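Peer 1:
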Amino acid sequence: DAKTTQPPSMDCAEGRAANLPCNHSTISGNEYVYWYRQIHSQGPQYIIHGLKNNETNEMASLIITEDRKSSTLILPHATLRDTAVYYCIVRAPHQGGKLIFGQGTELSVKP
Amino acid sequence: GAVVSQHPSRVICKSGTSVKIECRSLDFQATTMFWYRQFPKQSLMLMATSNEGSKATYEQGVEKDKFLINHASLTLSTLTVTSAHPEDSSFYICSARDQTRPSGNQPQHFGDGTRLSIL
């Protein structure tokens, strides 16, 4: 699986959009980009995933660059409950489904 | 949505005890489940892939005789930490893949984890 690079930490003001970047410059054509988050002492929570098109669901939006070498997770109106570690993971179908976690970005949403 | 239930949520036991952790997919079938371990301030580390009806696949460095995995049905996988010692104290998390979607386009869903403390 391709390696991802994320900033170790970010701050965001409550009510503002949180934009979390992820670099995956070695991604291959069949690898999806997945985003999960982990709130303290809980299991990771699935947020969103995509292949090459931008995606949106009730939790977030995923913007993937045209060359697919980077992506941005957008939380449109961050709340204090969005404080968590956010993981960007790329995975290919033939890898048996397993997800390999990097260090992620620790997002702190402040009042 | 897909739900994965993990039990127990917390275990405290004496050194030398074997501890069993259950992972269930509640509203979908999972031929494959995954077991992770997480130490404080660190990321999740994949331990093994649990395959229904066959042997688990362990990641490099994980002792298969120490961490016994059984996946006897499409909705249940168990991890047994045998003869646990203080260094096995950790946060153990399972996940399962929804088989209803095409391969590669399947979000993995995680349990809430089991905090194991060995005294």
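These protein sequence lines are chains A and B, in that order.
Be aware that the first sequence starts at 588, since it is given in our numbering, and climbs by one per residue.
Be aware that the second sequence starts at 8, since it is given in our numbering, and climbs by one per residue.
Glycine included, C-beta positions come from ideal geometry on N, C-alpha and C.
All values reported here derive from a predicted model rather than from experimental measurement.
In whole angstroms, what separates the C-alpha of K639/A from that of A679/A?
Peer 2: The alpha-carbon atoms of K639/A and A679/A are separated by roughly 13 Å.
Peer 1: By the three-class DSSP mapping on this structure, what secondary structure does P138/B have?
Peer 2: Residue 138/B is absent from the model: chain B starts at 8 and stops at 126.
Peer 1: May I ask you to report which of helix, strand or coil DSSP gives R31/B?
Peer 2: Strand, per DSSP.
Peer 1: According to DSSP, is L662/A helix, strand or coil?
Peer 2: Strand at L662/A.
Peer 1: Taking Cβ-Cβ distances below 9 Å as the criterion, which residues of the stretch 589–618 of chain A are in contact with chain B?
Peer 2: Answer set for the stretch 589–618 of chain A: N617, E618.
Peer 1: Which partner residues of M646/A appear in the DSSP bridge assignment?
Peer 2: In DSSP, M646/A forms no bridge with anything.
Peer 1: So, is the C-beta of L686/A closer than 8 Å to a C-beta in chain B?
Peer 2: At least one chain B Cβ lies under 8 Å of L686/A.
Peer 1: Between which two residues does the beta strand (DSSP E) harbouring R624/A extend?
Peer 2: Segment 619–625, the beta strand (DSSP E) holding R624/A.
Peer 1: Taking C-beta to C-beta, are H116/B and Y621/A nearer than 8 Å?
Peer 2: The answer is no: Cβ separation not under 8 Å.
Peer 1: Taking only the alpha-carbon atoms, compute the straight-line gap between Q13/B and R31/B and give it to the nearest angstrom.
Peer 2: Roughly 6 Å separates the two Cα atoms.
Peer 1: Identify the residues that DSSP records as bridge partners of S7/B: which are they?
Peer 2: The question about residue 7/B has no answer, for chain B in this structure spans 8 to 126.
Peer 1: If you draw a straight line from the C-alpha of N610/A to the C-alpha of T24/B, how long is it?
Peer 2: Distance between the alpha carbons of N610/A and T24/B: 43 Å.
Peer 1: At a cut-off of 7 Å, would you count E59/B as near the ligand MN, judging by its Cβ distance to the nearest heavy atom?
Peer 2: Among the components of this structure there are no ligands whatsoever, and the ligand MN is therefore not found.
Peer 1: I'd like to know whether the C-beta atoms of R17/B and S97/B end up nearer to each other than 8 Å.
Peer 2: Result no, Cβ atoms of R17/B and S97/B do not sit closer than 8 Å.
Peer 1: Where DSSP assigns a beta bridge to A63/B, which residues make up the other side?
Peer 2: Its beta-bridge partners do not exist; DSSP assigns none.
Peer 1: Show which residues of chain A have a CB atom less than 9 Å away from the CB atom of P173/B.
Peer 2: Outside the shown range of chain B (8 to 126) lies residue 173/B, about which nothing can therefore be said.
Peer 1: Flag this pair as yes or no: are the beta carbons of L86/B and I28/B separated by less than 8 Å?
Peer 2: Result yes, Cβ atoms of L86/B and I28/B sit closer than 8 Å.
Peer 1: Tell me whether D669/A sits in a helix, a strand or coil according to DSSP, three-state version.
Peer 2: D669/A: helix per DSSP, three-state reduction.
Peer 1: Who does L75/B pair with in a DSSP beta bridge?
Peer 2: Partner(s): T87/B.
Peer 1: Counting only Cβ pairs nearer than 7 Å, list the residues of chain A close to G120/B.
Peer 2: Within 7 Å Cβ-Cβ: Q629, G630.
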